[in-house]
Amino acid sequence: MAGALPDATNGDFLLDALRSANACRARHHAPPLVMDALLVDYARSRAAARSSYGNPPPCRGGTGENLFWGAGDGMSAAGDAVTAWYDEVSAYDWEAPPGPGPSGHFSQLVWKNTTRMGAARVSGQGAERHETYIVFVFEPPGNVGGEFAGNVLPA
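So for the sequence shown, the numbering used here puts the first residue at 27; every next one is plus one.
And the structure:
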């Protein structure tokens, strides 16, 4: 890929990100997250890297990450990403809580012990179409082996 797509993170996007994430968390009895300015900066760097390289190095230790990619006529909203991640609830095995696998975005989103988040969006004309990358980062991270039952609660 060429250079990173332009940053499209703004106050409305961050508010949508926080409200959408916290609405899902409330359904699963997890406390609300707070938006952390340093994590927003980190999410911006991750979103730019994703749009530049497609598959950059793993997220730093101590931080969880959810990625959304959309393509089409316009820019994707934070709520679009949260809906896609939350829809993974249908793959979550409540009887035998899994590792991250096919429901890892969902479980990170509602992970009870996570307290802070950052979010960012880059969007623009890609090689063939308009593309949007949305990255949410979380601290402390979720999807910790052996801790699913106490952190991913039924609705």
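All C-beta atoms, glycine included, are put in the ideal place defined by N, C-alpha and C.
Put simply, the region 114 to 123 does not touch the region 146 to 160. Fewer than three CB pairs are less than 8 Å apart. Of P128, L40 and R142, the smallest CA-CA separation from P167 is found for R142.
Nearest Cα to C50 within the set G176, V170 and H131: H131.
Taking 8 Å as the upper bound for CB-CB distance, V178 and Y112 are not in contact here, some 12 Å apart. The continuous beta strand (DSSP E) containing G98 extends over residues G90 to G98.
Taking F164 as reference, the option from L41, G90, V66 and Y79 with the minimal CA-CA separation is G90. With fewer than 16 other beta carbons inside 10 angstroms of its own, A175 counts as exposed. Checking the DSSP bridge columns, you'll see V60 partnered with R142.
Under the three-state reduction of DSSP, E154 is assigned to coil, being neither helix nor strand. With fewer than 16 other beta carbons inside 10 angstroms of its own, R45 counts as exposed.
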